[in-house]
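*Asks:* Note that this note's numbering has the sequence shown beginning at 154, numbered continuously upward.
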Amino acid sequence: IPAGVETVVSDEVVDEVDELPPGSYCIVMTHNHQLDLELTAAILKRNDFTWFGLIGSKTKRVKFEHRLRERGFDEAVMARMRCPMGLAEVKGKLPIEIAVSIAAEIIATYNACFGQHDSAANAGQITQLLPPSRRSQTL
154 IPAGVETVVS DEVVDEVDEL PPGSYCIVMT HNHQLDLELT AAILKRNDFT WFGLIGSKTK
214 RVKFEHRLRE RGFDEAVMAR MRCPMGLAEV KGKLPIEIAV SIAAEIIATY NACFGQHDSA
274 ANAGQITQLL PPSRRSQTL
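#1: With respect to the beta strand (DSSP E) encompassing leucine 207, which residues constitute its N-terminal and C-terminal limits?
#2: Contact check, threonine 183 vs methionine 234 under 8 Å by CB: the rounded distance?
#3: Output the boundary residues of the beta strand (DSSP E) element that contains cysteine 179.
#4: Which residues in the same chain as glutamate 250 place their Cβ atom closer than 7 Å to its Cβ, once the five residues preceding and following it in sequence are excluded?
#5: Helix, strand or coil, according to DSSP, for arginine 222 in the structure here?
#6: Cβ atoms of proline 175 and glycine 209: under 8 Å apart, would you say?
#7: Please go through the same chain and pick out, in chain order, the residues whose beta-carbon is closer than 7 Å to the beta-carbon of valine 170, but skip the five residues on each side of it.
#8: Report buried or exposed for glutamate 258, applying the criterion of at least 16 other Cβ atoms within 10 angstroms of its Cβ.
#9: Which of the three DSSP states, helix, strand or coil, is assigned to arginine 235?
#10: Between valine 181 and aspartate 168, is the Cβ-Cβ spacing less than 8 Å?
#11: Which of the three DSSP states, helix, strand or coil, is assigned to histidine 270?
#12: What's the gap between the Cα of leucine 240 and the Cα of tyrosine 263?
Right, dumping it as structure tokens:
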């Protein structure tokens with residue numbers, strides 16, 4: 154395990170959200186939709202993350218937003234959730250393609266938001282995460 158990495162083994166993973174440092178990058182990708190929803194609610198409740206992605210389709214996002222709205226979550230907070238996550242330009246559906254796409258989005262966000270740990274750091278399109286010299290090429 155690399156320096157600075159802590160292994161946490163817990164039967165109550167939702168409780169671990171409270172232990173995350175502000176400005177964390179969060180990925181939720183379990184095989185249990187209810188657990189995904191509970192983790193999502195806990196992360197959004199804190200609302201102090203730099204980036205939060207939820208594995209799933211646009212349909213899953215709509216269903217989760219409906220359930221989160223019923224729990225009183227604000228539209229602006231839910232808008233910070235990336236679902237589907239990953240770069241839209243990567244069209245592959247193979248696990249390795251999805252993993253690379255998600256990693257690329259996180260790296261782009263990290264590069265654009267280095268040193269910033271607030272809600273505004275996660276706003277905007279992926280093109281805004283590109284260096285200024287490349288932004289005009291994507292418009």
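Glycine residues also receive a C-beta, built at the ideal position from the N, C-alpha and C atoms.
*Replies:* Based on what the coordinates show:
#1: Locating residue 207 in the sequence shown gives position 54, where the first residue counts as 1. Note, leucine 207: beta strand (DSSP E), 204-207.
#2: What you label residue 183 is simply residue 30 of the sequence shown in a count that begins at 1. What you label residue 234 is simply residue 81 of the sequence shown in a count that begins at 1. 15 Å between Cβ atoms; not a contact.
#3: Indexing the sequence shown from 1 puts residue 179 at position 26. Where cysteine 179 is concerned, the enclosing beta strand (DSSP E) stretches over 178-181.
#4: The sequence position of residue 250 within the sequence shown is 97, counting from 1. Excluding residues within five positions, the ones whose Cβ falls inside 7 Å are Val243.
#5: The residue given as residue 222 occupies position 69 in the sequence shown. Arginine 222 falls in the helix class under three-state DSSP.
#6: If you number the sequence shown from 1, residue 209 lands on position 56. If you number the sequence shown from 1, residue 175 lands on position 22. Their beta carbons are not under 8 Å apart, which means glycine 209 does not touch proline 175 by this criterion.
#7: As a position in the sequence shown, residue 170 is number 17, starting the count at 1. Leu192, Ala195, Ile196 and Arg199.
#8: Within the sequence shown, the letter at position 105 stands for residue 258. Classification for glutamate 258: buried.
#9: Here the question's residue 235 lines up with position 82 in the sequence shown. Of the three classes helix, strand and coil, the one that applies to arginine 235 here is strand, per DSSP.
#10: Start at 1 with the first residue of the sequence shown, and residue 181 comes out as number 28. Start at 1 with the first residue of the sequence shown, and residue 168 comes out as number 15. No, Cβ-Cβ distance for valine 181 and aspartate 168 is not below 8 Å.
#11: What you label residue 270 is simply residue 117 of the sequence shown in a count that begins at 1. Its pLDDT being 49, under 50, histidine 270 is placed unreliably in this model, and the value from its coordinates should be taken loosely. DSSP places histidine 270 in coil when its eight states are reduced to three.
#12: Taking the sequence shown and counting its residues from 1, one reaches residue 240 at position 87. Taking the sequence shown and counting its residues from 1, one reaches residue 263 at position 110. When rounded, the distance between both Cα atoms is 14 Å.
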